[in-house]
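Asker:
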Amino acid sequence: MLPSSTMFIFFPALYFILSAFVSPSSGHVNSCRSFCGNITVDYPFALQYGCGHPGFRDLLFCMNDVLMFHISSGSYRVLDIDYAYQALTLHEPHLSTCDSIVLGGRGNGFAMEPWREPYMNPAADNVFMLIGCSAESPLFQGFPGKHLPCRNVSGMGCEDYYGCPAWDMFGHKRAGSMFGSGPPECCALPYEATKAINLTKLECEGYSSAYSLAPLRIDGPGGWSYGIRVKYSMQGNDEFCGACEATGGTCGYGSDGIRQVCMCGNLNSTSNCDSVSSSPGTMPRGMKMFAGLLTYMILRMTTKQIQIASW
Ligand SMILES: *[C@@H]1O[C@H](CO)[C@@H](O)[C@H](O)[C@H]1NC(C)=O
Ligand SMILES: *[C@@H]1O[C@H](CO)[C@@H](O)[C@H](O)[C@H]1NC(C)=O
Ligand SMILES: *[C@@H]1O[C@H](CO)[C@@H](O)[C@H](O)[C@H]1NC(C)=O
Ligand SMILES: *[C@@H]1O[C@H](CO)[C@@H](O)[C@H](O)[C@H]1NC(C)=O
Numbered sequence: 001m002l003p004s005s006t007m008f009i010f011f012p013a014l015y016f017i018l019s020a021f022v023s024p025s026s027g028h029v030n031s032c033r034s035f036c037g038n039i040t041v042d043y044p045f046a047l048q049y050g051c052g053h054p055g056f057r058d059l060l061f062c063m064n065d066v067l068m069f070h071i072s073s074g075s076y077r078v079l080d081i082d083y084a085y086q087a088l089t090l091h092e093p094h095l096s097t098c099d100s101i102v103l104g105g106r107g108n109g110f111a112m113e114p115w116r117e118p119y120m121n122p123a124a125d126n127v128f129m130l131i132g133c134s135a136e137s138p139l140f141q142g143f144p145g146k147h148l149p150c151r152n153v154s155g156m157g158c159e160d161y162y163g164c165p166a167w168d169m170f171g172h173k174r175a176g177s178m179f180g181s182g183p184p185e186c187c188a189l190p191y192e193a194t195k196a197i198n199l200t201k202l203e204c205e206g207y208s209s210a211y212s213l214a215p216l217r218i219d220g221p222g223g224w225s226y227g228i229r230v231k232y233s234m235q236g237n238d239e240f241c242g243a244c245e246a247t248g249g250t251c252g253y254g255s256d257g258i259r260q261v262c263m264c265g266n267l268n269s270t271s272n273c274d275s276v277s278s279s280p281g282t283m284p285r286g287m288k289m290f291a292g293l294l295t296y297m298i299l300r301m302t303t304k305q306i307q308i309a310s311w
């Protein structure tokens, strides 16, 4: 017989030994985190289906160490993911910069599947500059009676952009045709003004996009960063992932592409990994047998020791 005091010490000890084998939180590695070139791809993003937050599924792809961002308007290169500020920086070869202007409607612009809109949008301080838009463009409807939607965004706009070397070859006169006979050659907008930068729909030849990370206004368009700055958000329902990771799990989503799951080693939980390890019903068969065998062996060993001790 086991004295009751021994049982009191023994069973909690057994629980810890067993949970070391059964609990997925011990030595569990995040199988969803990865790298593409020198960019870390981590929650809410992922490169594998089923990993990350469902709002960002089928979004990032790694090709020859180049991280690509894919939405309905096209593919963009990811230059950086800023997890602290929840922002991505994108670039594409047909985006006009201070050094070159790309016309012919070859640029992607920026337009997303509507279901992605709650999860990300170009930053409010990112300026889109539409170039060579037709007088029939929806942008200029009602012009000159109505106000043009064109305006400066965070101190960046077309008047300054015209000062770039890229405009020299177009013989742009700095006096400009802004409020002259025709539409302006360039029209600057924040993303929210149109909700999509679709060059076909807006009848524009090209576009540029710039953002400024400096808190103070940078002098001149040569100092702007050219690219698309996208802010992302998990829409507040991120307690799920917080609880999952706190219990040693990895955040993912189910095959429906909507429901979040917490991956706990070989098991998936609909809440977190504590709920998995405390419920023996979800333990796989092999693990149950192993746990059973281990319990039996420990009990036998301990019983023998107690028998020896009681001699
Ligand atoms: C990645 O490497 C490139 C050059 O190789 C560098 O310009 C860039 O800043 C790096 N990005 C990160 C996130 O470290
Ligand atoms: C757990 O979920 C991930 C992501 O959906 C899936 O790839 C994996 O097969 C699931 N594992 C189990 C044991 O259901
Ligand atoms: C852009 O607009 C055109 C014309 O309205 C449309 O056919 C096309 O699907 C749009 N592209 C995107 C990516 O939304
Ligand atoms: C934008 O800013 C420039 C100076 O930086 C100014 O000359 C111009 O009038 C502004 N444009 C608009 C549309 O407010």
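Residue numbers for the sequence shown follow the UniProt record's numbering, beginning at 1 and rising by one.
The C-beta atom is built at its ideal place from N, Cα and C for all residues, glycine as well.
Just checking Met261 against ligand 2 - is the residue's beta carbon closer than 7 angstroms to any of the ligand's heavy atoms?
Answerer: First, the residue type needs correcting, since residue 261 is Val and not Met in the sequence shown. Indeed, a heavy atom of ligand 2 lies less than 7 angstroms from the Cβ.
Asker: For a test of the three-state rule: what should DSSP assign to Thr200, helix, strand or coil?
Answerer: Helix, per DSSP.
Asker: At which residues does the alpha helix (DSSP H) containing Ala246 begin and terminate?
Answerer: Note, Ala246: alpha helix (DSSP H), 239-246.
Asker: I believe Leu103 touches Gly206 by the beta-carbon criterion, under 8 angstroms. Please report the beta-carbon distance rounded to the nearest angstrom.
Answerer: Indeed, because the Cβ distance is near 5 angstroms, the residues count as touching under 8 angstroms.
Asker: When DSSP builds the beta bridges, which residues end up paired with Met263?
Answerer: The partner list for Met263 (beta bridge, DSSP) reads Thr250, Asn268.
Asker: What do you reckon, is the C-beta of Asn126 under 7 angstroms from a heavy atom of ligand 4?
Answerer: No, the beta carbon of Asn126 sits no closer than 7 angstroms to any heavy atom of ligand 4.
Asker: Just how far apart, CA to CA, sit Met68 and Arg77?
Answerer: Met68 and Arg77: Cα-Cα distance of roughly 5 angstroms.
Asker: Under the assumption that Cys158 contacts Pro118 (Cβ atoms under 8 angstroms), give the Cβ distance between them as a whole number of angstroms.
Answerer: Cys158 to Pro118, Cβ: 31 angstroms. No contact.
Asker: Grab the span of the beta strand (DSSP E) containing Tyr76 for me, first residue to last.
Answerer: Here the beta strand (DSSP E) through Tyr76 covers 74-82.
Asker: Quick check: is the beta carbon of Met129 nearer than 8 angstroms to any beta carbon in chain C?
Answerer: Looking for chain C here will not work: only one protein chain is present.
Asker: Return the CA-CA distance between Ala52 and Glu245, expressed in angstroms with no decimal places.
Answerer: It is Gly, not Ala, that sits at residue 52 in the sequence shown. When rounded, the distance between both Cα atoms is 12 angstroms.
Asker: As a quick exercise: from Tyr232, Arg259, Val276, Ala196, pick the residue whose alpha carbon is nearest that of Ala111.
Answerer: If we check each option's Cα against that of Ala111, Ala196 comes out closest.
Asker: What is the DSSP secondary structure of Gly206, reduced to helix, strand or coil?
Answerer: Three-state DSSP puts Gly206 in a strand.
Asker: To the nearest angstrom, report how far apart Met289 and Gly265 are at their CA atoms.
Answerer: Low confidence applies here, because Met289 scores a pLDDT of 45, under 50, leaving its location unreliable; read the following figure in that light. Their Cα atoms are separated by approximately 18 angstroms.
Asker: Excluding five sequence neighbours on each side, which residues of the same chain lie with their C-beta closer than 7 angstroms to the C-beta of Gln86?
Answerer: Closer than 7 angstroms at the Cβ level, and outside the excluded window around Gln86, lie Lys231, Tyr232, Ser233.
Asker: Can you tell which of Cys32, Gly55, Asn38 has the C-alpha that lies nearest to the C-alpha of Ala46?
Answerer: Residue Cys32 is the option with its Cα nearest to Ala46.
Asker: Please identify the residue among Arg116, Thr200, Cys251 whose C-alpha is closest to the C-alpha of Gly109.
Answerer: When each option's Cα is compared against that of Gly109, the closest is Thr200.
Asker: Using 7 angstroms as the cut-off, classify the Cβ of Thr200 as near or not near the heavy atoms of ligand 3, replying yes or no.
Answerer: Thr200 Cβ: within cutoff of ligand 3.
Asker: Between the C-alpha atoms of Val127 and Ala84, what's the straight-line distance to the nearest angstrom?
Answerer: If you take the alpha carbons of Val127 and Ala84, they lie about 22 angstroms apart.
Asker: Excluding the 5 residues flanking Ser269 on each side, which residues of the same chain have their C-beta closer than 6 angstroms to its C-beta?
Answerer: So the list reads Cys262, Ser275, Val276, once near-sequence residues are dropped.
Asker: How long is the line joining the alpha carbons of Met178 and Asp82, rounded to whole angstroms?
Answerer: Low per-residue confidence applies at Met178: pLDDT is 48, beneath 50, and the placement is therefore not dependable, though the value from the model is reported in the following sentence. C-alpha separation (whole angstroms): 37 angstroms.
Asker: Excluding the 5 residues flanking Gly74 on each side, which residues of the same chain have their C-beta closer than 6 angstroms to its C-beta?
Answerer: The residues are Asn108.
Asker: Does DSSP classify Leu189 as helix, strand or coil?
Answerer: Looking at Leu189 - three-state DSSP - the assignment turns out to be strand.
Asker: Using the three-state DSSP reduction, which class does Ser134 fall into: helix, strand or coil?
Answerer: Note: Ser134 maps to coil in three-state DSSP.
Asker: For the region 38-76, list the beta strand (DSSP E) runs that are entirely contained and at least 3 residues long, ordered along the chain.
Answerer: As far as the region 38-76 is concerned, its whole beta strand (DSSP E) runs of at least 3 residues are 39-41, 60-63, 66-71.
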